[in-house]
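> Going line by line, the protein sequences match chains A and B. So for the first sequence, the working numbering puts the first residue at 311; every next one is plus one. So for the second sequence, the working numbering puts the first residue at 65; every next one is plus one. Glycine included, every Cβ here is placed at the ideal spot set by N, Cα and C. Would you mind keeping the following structure in view while I ask a few things?
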Amino acid sequence: MSATITSKLHTFSDKEQKDTRSGFGLAMDYLGETNPKVMAMCADLTGSLKLNDFAENHPERFVQCGIAEANMIGMAAGLTIGGQIPFATTFANFATGRVYDQIRQSVAYSGKNVKIAASHAGITLGEDGATHQILEDIGLMQMLPGMVVINPCDHNQTYAATLATAAYEGPVYLRFGRPKVPNFTSKDDTFEIGKGILMNEGTDVSIIATGHLVWQSILAAKELEKKGISCEIINIHTIKPLDNELILQSVAKTGKVLVAEEHQRLGGLGSAVAQLLAEQAPTPMRFVAVNDSFGESGTPAQLMLKYGLDSSDVVKAVESF
Amino acid sequence: MSNISNLEQLASQVRRDILRMVHAVNSGHPGGSMGCTEFFIALYKELMDHDPSFNMDGNNEDVFFLSNGHISPVFYSVLARSGYFPVEELKTFRKINTRLQGHPTTHEHLPGVRIASGSLGQGMSVAIGAALSKRRNKDSKLIYSLHGDGELQEGQIWEATLFASANKVDNYIATIDVNRQQIDGPTDEVMAMGSIRQKFEAFGWEVMDIQEGNDMQAVMTGMQKAKTLTGKGKPICVLLHTEMGYGVDFMQGTHHWHGKAPNDDQLANALGQLEESIGDY
């Protein structure tokens with residue numbers, strides 16, 4: 311059963327189900343054709359990162375690093391010297407936590423034009439369980455000075471984010487996921503790093519969502535509309551730098567904020583928004599996020615429900631104001 | 065005067081720089097710096113084709129990476145005395161607002177530095193990446209790097225060595241400063257290293273020794289030979305046998321001066337053993 315939702319600004323449909331990582335792979339193949347400086351690096355997860363086409367079509371710019379992520383990050387930093395634009399790719403857990411010091415010293419502190427592209431982020435990685443379900447990566451990456459952090463919401467947005475990441479000069483952490491999810495944004499939407507997107511205009515509460523939680527928030531807003539609660543939805547694909555202006559404008563109108571993300575409550579988008587508002591516009595807040603817990607094996611849908619990341623959790627949180 | 069004796073005079077001056085720099089801030093790592101002085105001078109004065117006007121990409125020039133960043137004093141002294149920045153600037157080492165940070169960094173835009181180092185084990189990966197970048201740019205110049213022998217205890221080094229041979233990265237010479245000392249003591253006591261040669265050979269590298277790593281002629285000849293080994297399908301590892309603290313009798317051959325600065329008397333004693341050949345900064 312598919313849903314079509316018309317907001318005040320757009321019509322969204324979940325008819326097309328696609329994984330965000332495929333948007334990345336498609337964009338990389340396009341970049342392979344169009345930008346001879348772009349290189350793809352992978353640590354034995356070429357298929358999982360949807361890089362088969364890139365590897366086949368541009369073998370001279372594909373670097374198989376083996377199961378050695380620290381070396382991959384260091385080599386990526388070295389590749390920028392001489393002007394290459396390397397995308398170092400693996401699962402989000404191995405792309406961040408495992409190699410934090412390499413990213414910190416060789417990439418961020420050294421100011422290198424390295425793109426860290428991480429798939430299988432968050433709990434929706436599913437059956438592999440908590441060893442692979444990193445829910446701390448946004449926090450780790452946004453703490454690093456100068457690091458841009460991007461978490462697109464669907465296939466089309468991941469495609470656009472990948473192109474924007476390649477065009478941007480400086481280190482970027484680009485995070486996306488494993489499961490097929492509604493591909494509800496338009497291919498024609500503009501994507502600008504650091505500029506959030508207004509998905510729905512509303513008056514009672516601002517829902518600030520990122521990644522897979524944008525769709526859950528759209529579903530929740532439909533439910534809440536039936537109950538007479540008008541939700542404004544902001545799609546924050548770039549967590550750092552945060553679109554302060556768009557958030558402050560929305561909050562000035564609604565006076566209530568809910569932040570929704572597939573990440574720990576501590577250190578993610580919620581923390582960033584709370585910090586902004588505490589300083590500039592103290593506002594009552596609610597958080598839909600994982601609450602100081604590791605994940606476990608299960609289907610993505612089961613896990614979203616069990617760990618409080620479902621549209622019903624967004625509805626409950628808004629009703630708790 | 066032969067060129068070698070010019071370089072030896074410079075070595076004496078560089079060692080004076082190292083000691084005066086660490087003494088001034090009562091911190092830093094003189095021991096390894098003094099042990100690698102001949103190597104740096106050979107590299108920057110003779111072996112590398114490099115441009116002190118400095119651009120980050122280093123296209124069409126040889127590029128060096130210091131992986132064991134704590135020996136920054138020798139790196140800074142030789143960079144300054146090769147024209148990368150004013151020799152005067154050495155007096156700012158480790159002081160507030162300096163470009164000469166305790167460990168080298170690109171963050172303050174010091175000419176000659178292309179990567180931050182200090183957290184050990186990362187420089188070989190960076191060097192291999194830069195070697196791949198040269199290969200991609202059809203740039204025939206070489207990549208050099210330096211590592212401590214204690215640094216080989218870091219796992220990332222072995223990820224990098226495996227990659228380099230598997231991918232025939234043969235435009236790259238990694239030098240290991242084999243002084244057999246680390247902060248806590250002799251490497252064989254802290255973590256027995258076994259045969260470094262056999263380890264690199266097992267990982268598919270071409271390995272050669274420079275037994276007299278503090279003899280200018282020997283270092284020059286050895287590194288020239290290393291250059292002739294490039295381009296043959298294997299990465300090159302040079303085992304540079306040095307003495308930590310070389311050049312000052314009471315500092316030589318011990319780990320005690322790994323990360324300790326001399327006091328006033330010790331400095332005076334040490335400088336008395338090192339000719340001020342070119343002029344102090």
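#1: Which residues mark the beginning and the end of the beta strand (DSSP E) in which Gln327(A) is found?
#2: Please classify Met65(B) as buried or exposed, where buried requires at least 16 other C-beta atoms within 10 Å of its C-beta.
#3: With DSSP as the reference, label Ile444(A) as helix, strand or coil.
#4: From the beta carbon of Lys497(A), is the nearest beta carbon of chain B less than 9 Å away?
#5: Asp227(B) versus chain A: which residues are under 8 Å apart at the beta carbon?
#6: Thr434(A): buried (16+ other C-beta within 10 angstroms of its C-beta) or exposed?
#7: To the nearest angstrom, how far is it from the Cα of Trp222(B) to the Cα of Val271(B)?
#8: Is Gly193(B) helix, strand or coil when you go by DSSP?
#9: Below 9 Å between beta carbons: does that hold for Ile192(B) and Lys422(A)?
#10: Taking DSSP as the reference, what is the three-state secondary structure of Tyr236(B)?
#11: Pick from Asp115(B), Ile135(B), Gly92(B), Val86(B): whose alpha carbon is nearest that of Gly99(B)?
#12: Across the stretch 336–348 of chain A and the stretch 357–375 of chain A, are there enough close Cβ pairs to call them in contact, namely three or more that are closer than 8 Å?
#13: What is the C-beta distance between Gly487(A) and Arg331(A), in whole angstroms, given that I count them as a contact (C-beta under 8 Å)?
#14: Give a yes or no on contact between the stretch 202–216 of chain B and the stretch 432–447 of chain A, applying the rule of three or more CB pairs nearer than 8 Å.
#15: Hey, quick one: how far does the beta strand (DSSP E) through Ile433(A) stretch, first residue to last?
#16: Rounded to whole angstroms, what is the Cα-Cα separation between Ala88(B) and Met457(A)?
#17: Have a look at Asn132(B) and Ser341(B) and give me their C-alpha separation to the nearest angstrom.
#18: Kindly provide the ranges of any alpha helix (DSSP H) runs that are 4 or more residues long and lie completely inside the stretch 515–600 of chain A, ordered along the chain.
#19: Could you tell me which whole beta strand (DSSP E) segments of length 3 or greater appear in the stretch 360–394 of chain A?
#20: Work out the CA separation of Ile377(A) and Phe103(B) for me, nearest whole Å.
#21: In angstroms, rounded to a whole number, what distance separates the CA positions of Ala194(B) and Phe128(B)?
#22: So is Thr330(A) in contact with chain B if we call contact Cβ pairs under 9 Å?
#23: CA-CA distance, Gln308(B) and Gln467(A)?
#24: Quick check on Lys422(A): does DSSP put it in helix, strand or coil?
#25: Check the Cβ of Asn327(B) against every Cβ in chain A and list those closer than 7 Å, keeping chain order.
#26: Since Thr101(B) sits in a beta bridge, which residues does DSSP pair it with?
Considering the structure as presented:
#1: Position 17 of the first sequence holds residue 327(A). In this chain, the beta strand (DSSP E) harbouring Gln327(A) covers 327–329.
#2: Taking the second sequence and counting its residues from 1, the one referred to as residue 65(B) is at position 1. Its pLDDT being 45, under 50, Met65(B) is placed unreliably in this model, and the value from its coordinates should be taken loosely. Its Cβ having fewer than 16 others within 10 Å, Met65(B) is exposed.
#3: Counted from its first residue, the first sequence places residue 444(A) at position 134. In the structure shown, Ile444(A) sits in coil (DSSP, three-state: anything other than H, G, I, E or B).
#4: Taking the first residue of the first sequence as 1, we reach residue 497(A) at position 187. No, because no Cβ of chain B sits closer than 9 Å to the Cβ of Lys497(A).
#5: Counting from one through the second sequence, the residue named residue 227(B) turns up at place 163. The sequence as given places Phe at residue 227(B); Asp does not occur at that position. By Cβ distance, chain A contributes Cys375, Gly376, Ala378, Asn381, Met385.
#6: Residue numbering aside, residue 434(A) sits at position 124 when the first sequence is read from its first letter. The residue is buried, with at least 16 neighbouring Cβ atoms inside 10 Å.
#7: Position 158 of the second sequence, counting from 1, holds the residue named residue 222(B). Position 207 of the second sequence, counting from 1, holds the residue named residue 271(B). If you take the alpha carbons of Trp222(B) and Val271(B), they lie about 15 Å apart.
#8: Within the second sequence, numbered from 1, the residue matching residue 193(B) stands at position 129. Three-state DSSP puts Gly193(B) in a helix.
#9: On the second sequence, position 128 is the one that residue 192(B) refers to. On the first sequence, position 112 is the one that residue 422(A) refers to. No, the pair does not count as a contact, with Cβ atoms beyond the cut-off.
#10: Residue mapping note: residue 236(B) aligns to position 172 of the second sequence, counting from 1. In the structure shown, Tyr236(B) sits in a strand (DSSP, three-state: E or B).
#11: Here residue 99(B) is taken as the residue at index 35 of the second sequence, counted from 1. Looking at the Cα atoms, Ile135(B) is the closest of the given residues.
#12: With the cut-off at 8 Å, the stretch 336–348 of chain A and the stretch 357–375 of chain A touch.
#13: For the purposes of this step, residue 487(A) is taken as residue 177 along the first sequence, with counting starting at 1. For the purposes of this step, residue 331(A) is taken as residue 21 along the first sequence, with counting starting at 1. Yes, Gly487(A) and Arg331(A) are in contact; Cβ-Cβ is about 7 Å, under 8 Å.
#14: The stretch 202–216 of chain B is not in contact with the stretch 432–447 of chain A.
#15: Taking the first residue of the first sequence as 1, we reach residue 433(A) at position 123. Secondary structure note for Ile433(A): it is in no beta strand (DSSP E), with a DSSP letter that is neither H nor E.
#16: In the second sequence, the residue the question calls residue 88(B) occupies position 24. In the first sequence, the residue the question calls residue 457(A) occupies position 147. In a straight line, the C-alpha of Ala88(B) is about 35 Å away from that of Met457(A).
#17: Your numbering for residue 132(B) matches position 68 in the second sequence. Your numbering for residue 341(B) matches position 277 in the second sequence. Approximately 28 Å between the Cα atoms of the pair.
#18: As far as the stretch 515–600 of chain A is concerned, its whole alpha helix (DSSP H) runs of at least 4 residues are 523–536, 554–564, 579–590.
#19: Whole beta strand (DSSP E) segments, 3+ residues: 372–374.
#20: By one-based count along the second sequence, residue 103(B) stands at place 39. By one-based count along the first sequence, residue 377(A) stands at place 67. Distance between the alpha carbons of Phe103(B) and Ile377(A): 34 Å.
#21: If you number the second sequence from 1, residue 194(B) lands on position 130. If you number the second sequence from 1, residue 128(B) lands on position 64. The C-alpha of Phe128(B) is placed about 10 Å away from the C-alpha of Ala194(B).
#22: Locating residue 330(A) in the first sequence gives position 20, counting from the first residue. No - not a single Cβ of chain B is within 9 Å of the one on Thr330(A).
#23: Numbered from 1 along the second sequence, position 244 holds the residue referred to as residue 308(B). Numbered from 1 along the first sequence, position 157 holds the residue referred to as residue 467(A). Note on identity: in this sequence residue 308(B) is Met, with Gln being the wrong assignment. Take the alpha-carbon of Met308(B) and the one of Gln467(A): they are about 55 Å apart.
#24: As a first step, residue 422(A) must be located in the first sequence, where it is residue number 112. Of the three classes helix, strand and coil, the one that applies to Lys422(A) here is coil, per DSSP.
#25: For this step, residue 327(B) is matched to residue 263 along the second sequence. Here the premise fails: no neighbours, minimum Cβ distance about 32 Å.
#26: As a first step, residue 101(B) is located in the second sequence; it is residue number 37 there, counting from the start. BP columns for Thr101(B) are empty, so no partner.
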